[in-house]
Structure formats: C-alpha cells, structure tokens
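Data first, discussion second: the structure below is written as structure tokens.
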Amino acid sequence: MQKLILINYQSPGDVVMLTAAVRDLHHCYPKQFLTDVRTGSPELWENNPHVTPLEVNDPDVQVLECHYPLVGCSNQRPVHFLNGFIEYLNDQLSLQIKLTRFAGDIHLSTAEKRAPSPVEQITGVNVPYWVIVAGGKFDYTIKWWHFRRWQAVVDQFRDKMLFVQVGSSHHYHPALKGVLDLRGQTSLRDLIRLIYHAQGVLCPVTLLMHLAAAIETTPGGPETRPCVVVAGGREPASWEAYPGHEFIHTIGQLPCCAAGGCWRSRSVPLGDGDEKDESPNLCLDVVENLPRCMHLITPELVVRSITPLLKKRRTGRRTRAACAAINPFLFRRAEVGAVLGPPVPKPETFDPLLSQRQETNHKTKGKHHAPRTISNKR
Amino acid sequence: MTPTRHSFDNQPARVEDPRRRIDFLPQYYPQANGQEAPPIESVEQNARITLEFLAAYYDLNCEYVRLLEVRNAPASQQRSEAEKKSLQAVERLLIVRDRLEDQYAPFGVIADPVVRDGFTVNVRLSFGNVDAAGRRRTDWYTITAFVPIPLPKGAKFEDLPMRIEGPGINRE
Numbered sequence: 001m002q003k004l005i006l007i008n009y010q011s012p013g014d015v016v017m018l019t020a021a022v023r024d025l026h027h028c029y030p031k032q033f034l035t036d037v038r039t040g041s042p043e044l045w046e047n048n049p050h051v052t053p054l055e056v057n058d059p060d061v062q063v064l065e066c067h068y069p070l071v072g073c074s075n076q077r078p079v080h081f082l083n084g085f086i087e088y089l090n091d092q093l094s095l096q097i098k099l100t101r102f103a104g105d106i107h108l109s110t111a112e113k114r115a116p117s118p119v120e121q122i123t124g125v126n127v128p129y130w131v132i133v134a135g136g137k138f139d140y141t142i143k144w145w146h147f148r149r150w151q152a153v154v155d156q157f158r159d160k161m162l163f164v165q166v167g168s169s170h171h172y173h174p175a176l177k178g179v180l181d182l183r184g185q186t187s188l189r190d191l192i193r194l195i196y197h198a199q200g201v202l203c204p205v206t207l208l209m210h211l212a213a214a215i216e217t218t219p220g221g222p223e224t225r226p227c228v229v230v231a232g233g234r235e236p237a238s239w240e241a242y243p244g245h246e247f248i249h250t251i252g253q254l255p256c257c258a259a260g261g262c263w264r265s266r267s268v269p270l271g272d273g274d275e276k277d278e279s280p281n282l283c284l285d286v287v288e289n290l291p292r293c294m295h296l297i298t299p300e301l302v303v304r305s306i307t308p309l310l311k312k313r314r315t316g317r318r319t320r321a322a323c324a325a326i327n328p329f330l331f332r333r334a335e336v337g338a339v340l341g342p343p344v345p346k347p348e349t350f351d352p353l354l355s356q357r358q359e360t361n362h363k364t365k366g367k368h369h370a371p372r373t374i375s376n377k378r
Numbered sequence: 379m380t381p382t383r384h385s386f387d388n389q390p391a392r393v394e395d396p397r398r399r400i401d402f403l404p405q406y407y408p409q410a411n412g413q414e415a416p417p418i419e420s421v422e423q424n425a426r427i428t429l430e431f432l433a434a435y436y437d438l439n440c441e442y443v444r445l446l447e448v449r450n451a452p453a454s455q456q457r458s459e460a461e462k463k464s465l466q467a468v469e470r471l472l473i474v475r476d477r478l479e480d481q482y483a484p485f486g487v488i489a490d491p492v493v494r495d496g497f498t499v500n501v502r503l504s505f506g507n508v509d510a511a512g513r514r515r516t517d518w519y520t521i522t523a524f525v526p527i528p529l530p531k532g533a534k535f536e537d538l539p540m541r542i543e544g545p546g547i548n549r550e
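So, in structure tokens, the structure goes:
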C-alpha cells in the first residue's frame, strides 16, 4: 500500500475540501493507500476512517504539500472547490480520482451524535435553530456584509426562529442582538456538533457553508441542510455553491464581476501592512464602504431566501414556553437606551435599511439587476 | 476603474473633542478599553476613531444626566414635555453613535459600551488593523520560553552532539 502524508496549513474551509479528496482517493482506489494528514485543523479529521497515523521520516512515506491551482480556472471552467485538491492529487500522483459526494467529509462519533445539542446544553430547551456568521477574517474583508443587514434578518425572524451566532474571537464578528451569542466560545469540534443539530446556516462565503454541506443531518432530517450564503460577486457560484444551498450572488450583474468572480480581497484598506490593502486587491466598486455586490443584496432578499426553507422544515413559531426559556440567554446590548423606559416618538426616522433601499432602487433602475439566488436543488 | 481608497490616517478627529468644552464633565467621559482616552491631538487612525466613539458616548451620558434630573422633578405637564425632549435628544445621539458604527464597520472596528447604571463607563474597542495587543496583524513577532534542561551528570557542553544557542550560551 502506498503511504501518503498530505499537508495543508490553509484555513479550515480549505481543509474541509481536502477531506473530500481523501475520501474519494480511498473510494476510487480502495485498499491501495494509507493516508495521514498535517493540517492546521486536526479537529476536522477526528473520527475520520481514512486517516492512519504515519511518520514523516518513514522512508516509505510520500509527503505531499497540497494546493488547488484549479481555482485559477474557476471563472473559465464549471468546476467546484471540491474538485480543487482532487485534481491536484490526480496531477501529482497520476490518478483519476472522481468526486463521489457533493460535500466535504466530516465525521461525528456516536457519542457526539447522541449528546444533546450545544444549544440544549446551554438553555435546557431542545429548540430548532439556525447558526449565523455575521463577519469573518480580516484577510478577505470583501466577503463581509454589513452587520446591520445581518441584524435586520435576525429581527425579521424574532420569535419565529432562534439564531445562534458563532465566530472566532480573533476575527471580526460584531454582536447581534436577540441571538444566542456563542462567539469565541466554540472549538471547531463544538461548531461541528452545533451544525449537526442545526436546522440551517446563514453566512457569507466561509467555513460554515462548507460544514453545512459536509456534516450529515440528524436522523429523520432532510438529505441536505439548508444554508443561505450571502456571496456577492467575489467567487463564481459554480466554484462555491452546494446542492440545497441558496447562494445569493451578483455574478454577471456588475461590470466588475460580469464574467466571473473578481477574486479581490478587501473592500477598503485596513492599514495592517498586508498586501491585500494594495490596489489590485481592493474592490473596484465601493458603496458606503461596502462592495456594491454586497450592497445590492438586501436583508429582504435574504429573508425571502430563508422563509421557504423554514416552511419546508415546518419550523413553526416557537411556543411561548420555549420563548420564555430561551429569552434569558439572548444577547442584549447594554446601553443607555435600555434603561430609558417606554419608547417615545423619534425626532427623525432612522431606518438602517432606507439608504440601501434607495440606493438599490436607484441603481436597479439604471444598469444593475437584482442579485441572483442560485438554488442547487437536487 | 481604479479602486477607491479610504485612508483615515493622519487626519484630526472629525468631531469636537468634548474635553475642549468649557462645561466638560470628566466624570461622564468613558474610558477606552479600560484605559484613559488618547490625547486630544491624536491623529493616528485608531486613536482618532476611539476619540469619536468616546465623544459620542460622553454626549449620551450627559444627556442621560439631564433626563434623570427631569425625572426627579414633580409630575407635571412641563415635566412630561421636558422628558420627551430629553428622550428625543438621546435618540438623536444614538443615531450619531449608530452612524459612527456604520462608518467604521467595514474597517473591522467594533465599539461595545460597558454600561453601569445607565452610564457608559468604558468602551471596548477592537480594530481591523491591529490585534488585541495592539500589534499590526501582519507584523512578525516571536514568542520565547525558558525551558531549563539539566545536563546528564558529568556531561559537558562540548560533549553534547547538538548545537545549542541562546542567551548565556556563547559557543557554537
């Protein structure tokens, strides 16, 4: 048997893609390989039957640093991120691995599946919930949607659905009101368990969308877990979108992403000395410091994408008892307004969505069209 | 098309620093990340953003004081009117604060108030360009640890089959 150690120290989302390549290597070449991995996210490989401990200094072991140059063709060829490492392994090892499942390969132990959801462990109530990511890392800020827009979506589903907010404390994840706030409190393994029990995921293009597809659903649940991705125009939908996901994008809608993803890094320079602040990596079309492609995606559009998914899952309004049990755990921002007493007429109407509505209306009357939602129904 | 550049560095704060005001009340000026506020003349980007948020929360605190004073007065039509006006002023200031948050969100700025008895006493700020310790995110830094490893009895440095470097060790 050929012994392989695969190395990749990119972000966890990239590593989820590698799990698919390892799975399909073994599927297409059964009992021909022993594989081990060296990645920055070992938790993604827990319980993985395809991983065998191997030593780098074993003379029989081939060590392969893994990349996905296929991304360079993603605007020209209809290929998915999942094919990235598979094609690389095919090239490097002269193989013909084929993708066997349109998802990564994350495994939970029986104990993990049997344990109550992290939400139930915290609140004591077994309620349906969606996981939300309202930010991201500082390297590709162009993927961020404005936090008030995420908030507007959460507000729309108040008393109908519980959102659980997650995100690393080292990244940009502004607090949302009225959610169960687990920012900075979940290990990667906690996140996997959280998503296993989740009815859906709402996020930008990030690890969570890959986990939403890769992690199996609970027994009796749907084949695929709903996931709404606020994507904009950075990546082509064919590269990122999964079956069953609502991938809201603007490819083809704007000059800067007319024929494919722009693949740029930042909407505005952060001043951190990173080369991503330089001109070739900056968004070409910024509106109120937000990429126009993300600006065109309104909270209403995202709400419209989520609503039918809820009806499909028959996630009804939460019972009064469930609401009462959950409410103490929901995040409330402490501020002077919280102790002011009953509301009074406002001196001027402040509608955080008003300017974007006006902007969108103005633009759509001109050259732009509404963002598209790609629903990859099976 | 060329990318739109947005640089805030080396510009003075765009709001008046309340510490310049004659009627400044220092007890209502919040801390920033548990520390004293940056100097008034600061031009560095993050210091300037900090000052803008502190000014917004200072104004909110002052308006809240006025509101409490109004509420201490005996109930009357006049008091109701004054209370309404004060509440509207608070709303206006919250809008100013919200606009600041909106403006700086794409730069990775988060400003969370720490509130005690209705007053903002501290503003926890984080920025897109530096980490929690204030280091630029792309800066290299080293972490060192002192791990004493006793030599085997009778062994000398010269006998060790490895190269040892470090403070206090001056042999190749």
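Protein chains in written order, with our numbering: chain A, 1 to 378; chain B, 379 to 550. For glycine and all other residues, C-beta sits at the position ideal for the given N, C-alpha and C. In this text the structure is predicted, and so the values were computed from the model without any measurement.
Annotation: Cβ neighbours of W144 of chain A in chain B (cutoff 9 Å, chain order): A483, P484, G486. In summary, no residue of the stretch 395 to 416 of chain B has a CB separated from any CB of chain A by less than 8 Å. The beta carbon of M209 of chain A sits closer than 6 Å to the beta carbons of C203, C227, V229 from its chain, once the five residues preceding and following it are set aside; these are given in chain order. According to DSSP, A489 of chain B shares a beta bridge with B:L503. For the stretch 251 to 272 of chain A, the set of residues with a beta-carbon nearer than 8 Å to any beta-carbon of chain B comprises P255, C256, S267, V268, P269, L270, G271, D272, in chain order. Per DSSP, the unbroken beta strand (DSSP E) holding I5 of chain A starts and ends at 2 to 8. DSSP places R189 of chain A in the uninterrupted alpha helix (DSSP H) bounded by 188 to 197. Closest in alpha carbon position to T217 of chain A, among A:Y140, A:A103, A:T206, is A:A103. Cβ-Cβ separation between L180 of chain A and V164 of chain A: approximately 5 Å, consistent with a contact (criterion under 8 Å). With 16 or more other Cβ atoms from the protein chains shown falling within 10 Å of its own Cβ, G200 of chain A counts as buried.
Using a CB distance cut-off of 7 Å, R514 of chain B counts as an interface residue toward chain A. In the structure shown, G13 of chain A falls within a helical segment according to DSSP collapsed to helix, strand and coil.
By the neighbour-count definition (other C-beta atoms within 10 Å, threshold 16), S458 of chain B is an exposed residue.
Taking 8 Å as the upper bound for CB-CB distance, A213 of chain A and D105 of chain A are not in contact here, some 10 Å apart. Not a single CB atom of chain A sits nearer than 7 Å to the CB of N450 of chain B. Judged by DSSP secondary structure, G84 of chain A falls within the alpha helix (DSSP H) whose first and last residues are 82 to 93. When the Cα atoms are used, P222 of chain A and L207 of chain A turn out to be separated by approximately 21 Å.
Around the beta carbon of K137 of chain A, a 10 Å sphere encloses 16 or more other beta carbons of the protein chains shown; the residue is thus reported as buried. Put simply, of B:Y519, B:F485, B:R514, B:F505 the residue whose alpha carbon is nearest the alpha carbon of S169 of chain A is B:F505.
Around the beta carbon of M540 of chain B, fewer than 16 other beta carbons sit within 10 angstroms, so the residue counts as exposed. Taken in chain order, the members of the stretch 433 to 461 of chain B whose beta-carbon sits within less than 7 Å of a beta-carbon on chain A are L438, Y442.
In the assembly as shown, Q423 of chain B is a buried residue. Its beta-carbon has 16 or more other beta-carbons within 10 Å.
For the C-beta of Y9 of chain A, not a single chain B residue is nearer than 8 Å; the gap to the nearest is close to 17 Å. Unbroken beta strand (DSSP E) runs of no fewer than 3 residues, entirely contained in the stretch 393 to 420 of chain B, are not found.
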